[in-house]
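S.K.: What follows is a structure written as structure tokens; I'll ask about it next.
Protein chains: 2
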Amino acid sequence: MSQSLNLDDRHLGLVTDLYELTMAAGYHVYGMADQRATFELWVRRLPSCRNYLVAAGLEQAVHYLRHLSFAPEQITYLRQHPAFRHVPNNWFERLASLHFECDVWAVPEGTVVFAGEPLLRVTGPLMQAQLIETYLITTLTAQTLVASKAARTVTAAQGRPVFDFGSRRAHGPQAGLLAARASYIAGCTGTSNTEAARLLGIPSLGTQAHSWIMAFSDEQEAFRKFGELFPDASTLLIDTRDTLQGARNAIASGAAMQAVRLDSGDLGQLSKEVRAILDDADRQDVKIVASGDLNEYKIRDLLAKGAPIDLFGVGTELATSRDEPTLNVVYKLVEQETPQGTFGRFKLSQGKKNYPHPKQVYRQRDAHGTFCGDRIVKALPPTPTLPHQGGGSHSPSPLVGEGWGGGEQGDPLLVPLLRHGELVEALPSLEEIRRRCAEQVSRLPKELLALEPCQSYPVEVSEELEAELSRRG
Amino acid sequence: MSQSLNLDDRHLGLVTDLYELTMAAGYHVYGMADQRATFELWVRRLPSCRNYLVAAGLEQAVHYLRHLSFAPEQITYLRQHPAFRHVPNNWFERLASLHFECDVWAVPEGTVVFAGEPLLRVTGPLMQAQLIETYLITTLTAQTLVASKAARTVTAAQGRPVFDFGSRRAHGPQAGLLAARASYIAGCTGTSNTEAARLLGIPSLGTQAHSWIMAFSDEQEAFRKFGELFPDASTLLIDTRDTLQGARNAIASGAAMQAVRLDSGDLGQLSKEVRAILDDADRQDVKIVASGDLNEYKIRDLLAKGAPIDLFGVGTELATSRDEPTLNVVYKLVEQETPQGTFGRFKLSQGKKNYPHPKQVYRQRDAHGTFCGDRIVKALPPTPTLPHQGGGSHSPSPLVGEGWGGGEQGDPLLVPLLRHGELVEALPSLEEIRRRCAEQVSRLPKELLALEPCQSYPVEVSEELEAELSRRG
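Written out as structure tokens, the structure is:
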């Protein structure tokens, strides 16, 4: 009678665009469903206000792929759908017993990436590899968006903790969890979202809402009672009536407090005055938390003016990636084995360059370890001399091959993730991903870390791939 | 080992900001948890590119409220959380057996609303009424954002169907479902998201991806085979290589087709040329579907130039409300019963006007039925002479009272939704909500329906409320 529209892990098969399913039925009927195909996912253009992106969301994508299945009621729905009237019964049966068995290579979460670089490469039966497009794109886009925004915000805060306060502004309850995770990857210290903190094992932070202050007749009483119950976690919100008087009340109340929070007004000026009030009362130990429509630009400007703010809570701008709320992510067929041979595939649209064939990206570092350029190349075909990963390879696979241990070409960005649908190795922990992100960002050329647009990072495409394109164009 | 971050309906209690929980514990410890309080939720400002908003998301909010509970592992998490170290055991027990029992009034989904107007009013025990803030805001914001964008898009399409194609761009898998629902409310004809279509019982539409065309060596074969399997649902994607040649191939292939889809290039020019090619071949029956980064402005311009497009697929812009990806929604304490009496509550921040006390909004129509102004007034206290809704009212409640059957003051926007946590009456169906929205939008002054900013709609606040503010300010 009412629905939450929260998704159930057991019912993700149908969370895809209808055309993925009509195509899947078509590939089945025309004997193409098992043709080995490779799809790649990449960001077509960097948003104008992003100098780099931070790849995120892969764990959720992997979870989906490994648990992909259709619930009986979803199969029934398709059987009754008018578009599928002429689809034979054995396709529905096939769907009902679907098990994802593709090989997947991907750029690890926390890696800095640029436009045109494959973030994910799926090789396997054409029907399966196609079906997953919609869920993969939305899952990787949502977190990459927020991680990329968060990385800028964390940089702007120059080492001061930044907390995700954005759950209420995220595009729905799940988007809040995804934003909390992505923010943490990119260096935020934690989140206000309690369930996200629980599920992810990350720090949660809370203060009070204005309603707490208003619920007491007296501000000092509100402060005192809060500090009494939460003596080690007491951040007092001092702007409900008057920020400076609030600061004086916080001191006069004698409340236990570790910090005060400013949520409105001229944060630069107020933070200085509040700091002075605290210091005059010998409360140098009390930190100042600022929140209220903050973003990377405002944080930079506050710190440039010497605002004595110790911790930033960032909500709306972070959780919605407000200035750039979307990424142009595509997932395209790039190679296909047919009875006539293996062919590179690409779409020839106006102004859109898509290169055929599975690809790898190599990243070069200069003598100081700073990233100085990426090169997109055709992925090497598998070579039997390299160590073989497990048995049961029934067809040539790009999973082995491609000396991806680094070398002259630089560091390869794509690494093997799934082999026949199974994890090649355990996924990294969130802490490992977060450390990777910090290390990656630290290796970026300085000009890319500025908040101003500077999309100067060189990403070149190999002569071999360019030649493929001009030969067919 | 990996997590989907899809939310489970049985685990929504902790999907809230940590401060809601610390405050809840505080209200419990200080004997205030059962004080009767009223909170209201409203949009503080209209985004500059929206002349009105369409309220949406209420069904999901109600579902949450009616199923609100804490899973054992969530209680355990809080017990171990360092912030809650001094919170007594009986608070955790109280949380574990929490049952939402507030009264809720709300503006029905599909209603046109403006800044400052309460969309939802919650009256009940302070602790519960506070806890729900985060989930309520995110749920109502996400759908109101998209419904408001969709209404503009549908208006721009002047009666031509608009389909939601945005799932892959939404901020995660759930956001895609929410966007599909909100779009449908605001007049979209359906969605590409198959699970959304199944869950909501709304039309789904699919065509092909470019990969289908690329997977065949020959475009005509790709078209023919699709039409063979889907003779009644065959929209052929003709822009993979060359749009005009694609149109000719669609005809020459002899494929069954109801429509062709253009997804790139100059849609205005191409649609005219494709229409001519189809008409020359006596295929006046074949419709033209356009997609590719469309929004209300582009649709308006295409139609103004006479583009013969029959159906629009809109993705990114719709599902992310790209130009305005956030709403400034707040949820504030406005009244509280204490041992000392009942007090209106409001925060006195710079530049932010919050009025105390429960409120109602009345909407006036002119002689033609066009909406001509809203008035926010203090909600009437309950009067025993009005019909009583069910039994068991143990305390005065604003649920009855407030002659909300219309009259001289205009039509009241807020209607009773939950009484002691139970539905007052069955929720409207999605079709009813959609009809309501169409009717509401049709009653807007013409200038508000233009795409240009025009925030001229008069919303006044009663003298009584203004007086309350100045008396306390």
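Chains as they are written, first to last, in our numbering: chain A, 5 to 477; chain B, 5 to 477.
Glycine included, every Cβ here is placed at the ideal spot set by N, Cα and C.
This one's a predicted model, so the numbers in the text were calculated from it and none came from an experiment.
(1) My understanding is that B:Pro416 touches B:Tyr366, with C-beta atoms under 8 Å, so please give their C-beta distance in whole angstroms.
(2) Just list the beta strand (DSSP E) runs in the segment 85 to 162 of chain B, keeping only unbroken ones of 3 residues or longer that don't cross its boundaries, in chain order.
(3) Report the start-end ranges of each alpha helix (DSSP H) in the segment 175 to 231 of chain B that is 4 residues or longer and not cut off at the edges.
(4) Which residue from A:Tyr31, A:Glu77, A:Ile242 and A:Thr26 puts its Cα closest to that of B:Arg202?
(5) Spatial neighbours of B:Thr148 within its chain, please: CB distance less than 7 Å, with the 5 preceding and 5 following residues excluded, ordered by chain position.
(6) To the nearest angstrom, report how far apart A:Phe375 and A:Gly194 are at their CA atoms.
(7) What's the call for B:Ala179, buried or exposed, on a 16-neighbour Cβ count within 10 Å?
(8) Taking Cβ-Cβ distances below 7 Å as the criterion, which residues of the segment 325 to 340 of chain A are in contact with chain B?
(9) Whose CA, out of B:Pro462, B:Lys382, B:Glu412 and B:Ala65, lies closest to the CA of B:Glu470?
(10) Does the Cβ-Cβ distance between A:Thr198 and A:Ser187 come in under 7 Å?
(11) With a 10 Å radius around its C-beta and 16 neighbouring C-beta atoms as the bar for buried, classify A:Pro86 as buried or exposed.
(12) Taking all protein chains shown into account, decide if A:Ser257 is buried (16 or more other Cβ within 10 angstroms of its Cβ) or exposed.
(13) Going by CA-CA distance only, name the one from A:Pro122, A:Ser196, A:Ala161 and A:Ile189 that's closest to A:Val47.
(14) Would you check if the distance between the CB atom of A:Val334 and the CB atom of A:Arg349 is smaller than 7 Å?
(15) Under the DSSP definition of a beta bridge, which residues are partnered with B:Asp327?
(16) Residues in the same chain with beta-carbon distance under 7 Å from B:Ile437, minus the five sequence neighbours each way, listed in chain order, please.
(17) Whole-angstrom Cβ separation of A:Phe169 and A:Gly317, contact assumed at under 8 Å?
(18) Counting only beta-carbon separations shorter than 7 Å, does B:Lys363 have a partner in chain A?
(19) Does any C-beta atom of chain A lie closer than 7 Å to the C-beta of B:Asn10?
(20) Of the residues that make up the segment 188 to 220 of chain A, which ones have a beta carbon closer than 9 Å to any beta carbon in chain B?
(21) Looking at the C-beta of B:Gln64, does it have a partner C-beta in chain E at a distance below 7 Å?
(22) Taking the straight line between their C-alpha atoms, what separation do you get for A:Pro362 and A:Asp38?
(23) Excluding the five sequence neighbours on either side, which residues of its own chain have a C-beta within less than 7 Å of the C-beta of B:Asp277, listed in chain order?
(24) Let me check understanding here. Comparing Cα to Cα, which of A:Ala28, A:Asp297 and A:Ser446 lies closest to A:Glu321?
(25) For the alpha helix (DSSP H) that B:Lys357 lies in, which residues bound it at each end?
(26) Check this for me: beta carbons of A:Leu69 and A:Phe104, under 7 Å apart or not?
(27) Does DSSP put A:Ala311 in a helix, a strand or coil?
(28) How many whole angstroms separate the CB atoms of A:Val33 and A:Trp95, which I take to be in contact at a CB cut-off of 8 Å?
(29) Output yes if chain A places a C-beta closer than 7 Å to the C-beta of B:Gly394; else output no.
(30) For the candidate residues B:Gln364, B:Pro432, B:Met131 and B:Thr159, whose alpha-carbon lies nearest to that of B:Leu453?
(31) Who are the near neighbours of A:Thr138 in its chain, counting only those whose CB is closer than 8 Å to its CB and skipping five residues on each side?
(32) Only counting runs of 4 or more residues, tell me where the alpha helix (DSSP H) segments fall wholly within the segment 246 to 317 of chain A, in order along the chain.
(33) Give me the subset of the segment 76 to 91 of chain B whose CB atoms are less than 9 Å from a CB atom of chain A, sorted by chain position.
(34) Given that a residue counts as buried once 16 or more other Cβ atoms are within 10 Å of its Cβ, and exposed if not, what is B:Met5?
(35) Starting from A:Cys376, trace the alpha helix (DSSP H) both ways and give me its first and last residue.
(36) Can you list the residues of chain B that A:Val58 reaches, using a CB-CB cut of under 8 Å?
M.R.: In brief:
(1) Right, their Cβ atoms sit about 6 Å apart.
(2) Qualifying beta strand (DSSP E) stretches, in chain order: 107 to 110 and 124 to 129.
(3) Every alpha helix (DSSP H) stretch that sits fully inside the segment 175 to 231 of chain B and reaches 4 residues is listed by chain position as 177 to 189, 198 to 204 and 214 to 218.
(4) Minimum Cα-Cα distance from B:Arg202 among the listed residues A:Tyr31, A:Glu77, A:Ile242 and A:Thr26 corresponds to A:Glu77.
(5) For B:Thr148, the CB contacts under 7 Å within the same chain, skipping 5 residues up- and downstream, are Leu57, Val58, Ala59, Ala60, Gly61 and Leu331 in chain order.
(6) C-alpha separation (whole angstroms): 28 Å.
(7) Classification for B:Ala179: buried.
(8) Of all residues in the segment 325 to 340 of chain A, Arg326, Pro329, Thr330, Lys336, Leu337 and Gln340 have a Cβ within less than 7 Å of some Cβ in chain B.
(9) Checked all of B:Pro462, B:Lys382, B:Glu412 and B:Ala65; the closest Cα to B:Glu470 is B:Lys382.
(10) Contact flag unset, no.
(11) Classified as exposed, A:Pro86 has fewer than 16 neighbouring CB atoms from the shown chains inside 10 Å of its CB.
(12) It is buried - the Cβ of A:Ser257 has at least 16 other Cβ atoms within 10 Å.
(13) Cα-wise, what sits closest to A:Val47 is A:Pro122.
(14) The answer is no: Cβ separation not under 7 Å.
(15) Paired residues: none, contrary to the question.
(16) For B:Ile437, where only same-chain residues beyond five positions count, the Cβ hits under 7 Å are Glu113, Gly114 and Ile189.
(17) The Cβ separation is near 4 Å, so the contact holds.
(18) No, B:Lys363 does not count as interfacial toward chain A.
(19) At least one beta carbon of chain A lies nearer than 7 Å to the beta carbon of B:Asn10.
(20) Residues of the segment 188 to 220 of chain A whose Cβ lies closer than 9 Å to any Cβ of chain B, in chain order: Thr195, Ser196, Asn197, Thr198, Glu199, Ala200, Ala201, Arg202, Leu203, Leu204, Ser208, Leu209, Gly210, Thr211, Gln212, Ala213, His214, Ser215, Trp216, Ile217, Met218, Ala219 and Phe220.
(21) Reference to chain E is not applicable here, since the protein chains of this structure are A and B.
(22) Straight-line spacing of the CA atoms in A:Pro362 and A:Asp38 works out to 18 Å.
(23) Correcting the residue type first, residue 277 of chain B is Glu in the shown sequence and not Asp. Leu248, listed in sequence order.
(24) If we check each option's Cα against that of A:Glu321, A:Asp297 comes out closest.
(25) Premise fails: B:Lys357 is in no alpha helix (DSSP H) and is neither H nor E.
(26) Yes, they are a contact pair.
(27) The three-state reading of DSSP puts A:Ala311 in coil, since its state is none of H, G, I, E or B.
(28) Contact between A:Val33 and A:Trp95 holds, since their C-beta atoms are separated by about 7 Å, short of 8 Å.
(29) Low confidence applies here, because B:Gly394 scores a pLDDT of 41, under 50, leaving its location unreliable; read the following figure in that light. Closer than 7 Å: no.
(30) Comparing Cα-Cα distances from B:Leu453 to each of B:Gln364, B:Pro432, B:Met131 and B:Thr159, the minimum goes to B:Thr159.
(31) Leaving aside the five residues that flank A:Thr138 on each side, the residues in its chain whose CB is nearer than 8 Å to its CB run, in chain order, Val19, Thr20, Asp21 and Glu24.
(32) The segment 246 to 317 of chain A contains these whole alpha helix (DSSP H) runs: 247 to 256, 271 to 284 and 300 to 308.
(33) Answer in chain order: Glu77, Gln78, Tyr81, Leu82, His85, Pro86, Ala87, Phe88, Arg89, His90 and Val91.
(34) Per the 10 Å Cβ criterion, exposed.
(35) Element bounds for A:Cys376: not the alpha helix (DSSP H) but the beta strand (DSSP E), Phe375 to Lys382.
(36) The contacting residues do not exist; A:Val58 stays about 16 Å from chain B at best.
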